[in-house]
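**Q** Residue numbers for the sequence shown, in our numbering: 8 to 194.
A virtual CB, placed ideally from N, CA and C, is assigned to each residue, including glycine.
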Amino acid sequence: MTDKVEESQALIDQCKIELPYVTTAFEQLVNRYQGDVIRFSQRYLRNHADAEEVCQDVFIRVFHHLKTFEGRSSFRTWLLTIANNQCYVFSQKEKKHRHSNELFETDIESMHASHEESVEADDTGDRLNAALASLSDRDRSILLLRHINGLSMQEISEVLELNLSATKMRHKRALERCMTLYRGEAE
């Protein structure tokens with residue numbers, strides 16, 4: 008594991024020297040970490056095309072701001088912080104767009120869509136995805152960072168800019184809410 012961190016640090020150092028004119032080291036960083044960003048974004052946004060769009064936005068930000076990366080956290084933690092923020096911004100834009108579209112739906116169409124969603128949520132994976140989708144953005148983020156991306160509580164606290172005890176409490180509460188939603192219990 009330390010070899011990967013050392014290789015990444017060497018690529019970062021090389022990028023800081025060469026960017027924006029030479030992109031070879033940056034392309035290697037993208038290849039190394041884009042899977043992590045896409046996996047996180049896809050789970051957060053529940054849509055592969057949206058995740059790819061966010062991934063591009065993340066690496067554009069990294070390209071422009073890599074020289075400001077100070078190394079106070081790991082590069083992966085810094086990268087997932089950017090991904091988390093970009094997913095949040097993207098989801099807020101989508102919510103506004105969806106809300107304006109929903110104003111034009113009829114009651115019958117809404118009831119039909121709700122019925123179809125409840126039928127699709129019968130499968131375990133679908134129920135879990137539905138539970139995650141019902142959580143707030145912050146709750147979903149903390150669960151995805153911990154259980155999908157495998158970040159430690161300390162790393163999550165850095166990503167979400169919270170202290171460690173608040174991060175642990177929010178994780179516990181988010182997990183409880185998710186399990187309640189997964190089981191279909193009333194809150």
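Give, in chain order, every unbroken run of the alpha helix (DSSP H) that is at least 4 residues long and sits entirely within the region 16-52.
**A** 31-52
**Q** With DSSP collapsed to three states, give me the class of D114.
**A** Here D114 scores only 39 on pLDDT, less than 50, and its place in the model should not be relied on; the value that follows carries that caveat. Three-state result, D114: helix.
**Q** Excluding the five sequence neighbours on either side, which residues of its own chain have a C-beta within less than 8 Å of the C-beta of L142, listed in chain order?
**A** Within the same chain, and ignoring the five residues on either side of L142 in sequence, the residues whose Cβ sits closer than 8 Å to its Cβ are L150, A181, R184, C185 and L188.
**Q** Is the region 81-92 in contact with the region 151-161, if contact means three or more CB pairs nearer than 8 Å?
**A** yes
**Q** Thinking just about the alpha-carbon of each residue, which of Q41, T30 and L169 is nearest to the one in H71?
**A** T30
**Q** May I ask you to report which of helix, strand or coil DSSP gives I155?
**A** Here DSSP, grouped into helix, strand and coil, assigns I155 to coil.
**Q** Could you name the residues of the same chain whose beta carbon sits closer than 6 Å to that of E165, not counting the 5 residues immediately before and after it, in chain order?
**A** Cβ-Cβ distances below 6 Å link E165 to S80 and T84 in the same chain, with the five nearest sequence neighbours on each side left out; the list follows chain order.
**Q** Would R190 be called buried (16 or more neighbouring beta carbons within 10 Å of its own) or exposed?
**A** exposed
**Q** Report yes if the CB atom of V61 is closer than 9 Å to the CB atom of Q93, and no otherwise.
**A** Against a cut-off of 9 Å, the Cβ pair of Q93 and V61 comes out as a contact.
**Q** Can you give the Cα-Cα distance for R53 and L26, rounded to whole angstroms?
**A** 33 Å
**Q** In whole angstroms, give me the CA-to-CA distance for I45 and N38.
**A** 11 Å
**Q** If I follow the unbroken alpha helix (DSSP H) through S172, where does it start and stop?
**A** L171 to R190 is the extent of the alpha helix (DSSP H) around S172.
**Q** Note the first and the last residue of the continuous alpha helix (DSSP H) segment covering E165.
**A** Counting along the chain, the alpha helix (DSSP H) containing E165 begins and ends at M160 to L167.
**Q** Report buried or exposed for E209, applying the criterion of at least 16 other Cβ atoms within 10 angstroms of its Cβ.
**A** This structure cannot speak to residue 209, because the chain is shown only from 8 to 194.
**Q** Can you list, in chain order, the residues of its chain whose CB lies under 6 Å from that of Q16, leaving out five sequence neighbours each side?
**A** none
**Q** Just verifying my parser: in three-state terms, what is the DSSP assignment at S125?
**A** Reliability of the predicted coordinates at S125 is poor, the pLDDT of 49 falling under 50, and the value obtained from them is presented with this limitation in mind. In this structure, S125 counts as helix in the three-state DSSP scheme.
**Q** If we call anything under 9 Å between Cβ atoms a contact, is D57 one with F97?
**A** yes
**Q** Work out the CA separation of A90 and L218 for me, nearest whole Å.
**A** Because the chain is modelled from 8 through 194, residue 218 falls outside the range shown and cannot be assessed.
**Q** Relative to the C-alpha of K100, which candidate in M176, S148, D144 and L171 has its C-alpha closest?
**A** D144
**Q** By the three-class DSSP mapping on this structure, what secondary structure does S143 have?
**A** DSSP, read as helix, strand or coil, puts S143 in coil.
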